[in-house]
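Structure, as structure tokens:
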Amino acid sequence: GAVVSQHPSRVICKSGTSVKIECRSLDFQATTMFWYRQFPKQSLMLMATSNEGSKATYEQGVEKDKFLINHASLTLSTLTVTSAHPEDSSFYICSASPTGGTSGRPDTQYFGPGTRLTVL
Amino acid sequence: ILNVEQSPQSLHVQEGDSTNFTCSFPSSNFYALHWYRWETAKSPEALFVMTLNGDEKKKGRISATLNTKEGYSYLYIKGSQPEDSATYLCALNAGGTSYGKLTFGQGTILTVHP
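Chains P and V, in that order, are what the protein sequence lines are. Using this note's numbering, the first residue of the first sequence is number 1, and each one after it goes up by one. Using this note's numbering, the first residue of the second sequence is number 121, and each one after it goes up by one.
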């Protein structure tokens, strides 16, 4: 139980285009989902917290207009990298915390497999 | 900025060896400590969530201890197997206004040689 999928797993795009990444909780509901980014040889860094039905909260230094987050349902959050540039190339990974009463431990974040974004 | 450190960065052991590694965190900012195992091309797998000083948790051959007063957690693997090869991550939930947000260490890469 407590499975999170992420799509696509890998994307290559041209500079200036926008890329959407989906994060789905498959067997539980998640009021809160998180988006992280990992640059080479660095740790996972939290970008933003996504709350179902409300605006996402972004960590310091993360541009909200560049990284658009939508959490329209209890099982889906999307991250759109707008007007992507080579410096946005990174590994993006989401996690979801189960809402009480559903599968999974509510005190745990369950992760998707991540998305490797390469911007040419 | 919270500083979560893991050591060593990487570790090579022989099959059957027991091993352990460390996660250090600021003891003044603590709500919970998470351990994950991350195999290449897979999702990080949640191993433990630890909240109480002196906590000890076990899952098969893997166990973890927690010392919140001095700010560290140890992860132990008994009788390592090749399938234990992975990156082991720890993450701090500092609570308060940061409740729910995880600050990760850089991970310990474990390679178990047959």
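Here a beta-carbon is modelled for each residue, glycine too, at the ideal position from N, C-alpha and C. Owing to the predicted nature of the structure, the values given are computational and were not obtained by experimental measurement.
Which residue's Cα is closest to the Cα of residue i: the options?
| i | options | result |
| --- | --- | --- |
| V/Gln126 | V/Cys210, V/Gly216, V/Lys177 | V/Cys210 |
| P/Ile12 | P/Ser89, P/Gly114, P/Ser97 | P/Ser89 |
| P/His71 | P/Arg116, P/Ser83, P/Thr57 | P/Thr57 |
| P/Leu117 | P/Tyr36, P/Val4, P/Ser9, P/Ala48 | P/Ser9 |
| V/Pro164 | V/Trp155, V/Leu172, V/Met170 | V/Trp155 |
| V/Thr171 | V/Thr228, V/Tyr219, V/Thr231, V/Arg181 | V/Tyr219 |
| V/Val124 | V/His132, V/Glu135, V/Thr142, V/Gln134 | V/Thr142 |
| P/Gly53 | P/Asp65, P/Arg37, P/Leu46, P/Ala30 | P/Ala30 |
| P/Gln60 | P/Thr99, P/Tyr110, P/Met45, P/Thr115 | P/Met45 |
| V/Lys221 | P/Thr115, P/Pro40, P/Thr49, P/Leu120 | P/Thr49 |
| P/Thr80 | P/Ala2, P/Lys41, P/Gly16 | P/Gly16 |
| P/Leu76 | P/Leu26, P/Ala2, P/Lys14, P/Ser43 | P/Leu26 |
| V/Leu153 | V/Leu230, V/Asp137, V/Thr223 | V/Thr223 |
| V/Ile182 | V/Gln129, V/Gln201, V/Ser130 | V/Gln201 |
| V/Gly199 | V/Glu190, V/Leu230, V/Gly136 | V/Gly136 |
| P/Lys14 | P/Gly112, P/Ser43, P/Thr99, P/Pro86 | P/Pro86 |
| P/Leu120 | P/Tyr36, P/Ala2, P/Ser83 | P/Ser83 |
Are the C-beta atoms of residue i and some chain P residue less than 8 Å apart?
| i | result |
| --- | --- |
| V/Gly225 | yes |
| V/Ser205 | no |
| V/Ser163 | yes |
| V/Leu230 | no |
| V/Gly220 | yes |
| V/Ala184 | no |
| V/Ala152 | yes |
| V/Val133 | no |
| V/Ala214 | no |
Under three-state DSSP, which class holds residue i?
| i | result |
| --- | --- |
| V/Glu203 | helix |
| V/Tyr147 | Checking the displayed sequence, the identity of residue 147 of chain V turns out to be Ser instead of Tyr. Coil. |
| P/Ala9 | The sequence shown places Ser at residue 9 of chain P, rather than the Ala named in the question. Three-state result, P/Ser9: coil. |
| P/Ser18 | coil |
| P/Thr118 | strand |
| V/Ser130 | strand |
| V/Ser193 | strand |
| V/Ser218 | helix |
| V/Asn140 | strand |
| V/Thr223 | strand |
| V/Asn172 | For clarity, residue 172 of chain V is Leu in the given sequence; the question names Asn instead. V/Leu172 falls in the coil class under three-state DSSP. |
| P/Val3 | coil |
For a cutoff of 8 Å on Cβ pairs, would you count residue i as touching chain V?
| i | result |
| --- | --- |
| P/Thr115 | no |
| P/Val81 | no |
| P/Thr75 | no |
| P/Ser97 | yes |
| P/Leu44 | yes |
| P/Gln109 | yes |
| P/Val62 | no |
| P/Gly16 | no |
| P/Val11 | no |
| P/Thr78 | no |
| P/Thr49 | yes |
| P/Gly160 | A question about residue 160 of chain P goes unanswered here, because the residues of chain P that appear run from 1 up to 120. |
| P/Val119 | no |
| P/Thr32 | yes |
At a CB-CB cut-off below 9 Å, which residues of chain A make contact with residue i?
| i | result |
| --- | --- |
| P/Val4 | This model lacks chain A altogether; the protein chains it does include are P and V. |
Inter-stretch contact (C-beta, 8 Å, three-pair minimum) for the segment 203-222 of chain V and the segment 129-149 of chain V | They touch, by the three-pair rule.
Within the segment 41-91 of chain P, ranges of the beta strand (DSSP E) (whole runs, at least 3 residues) = Whole beta strand (DSSP E) segments, 3+ residues: 45-51, 67-73, 76-81.
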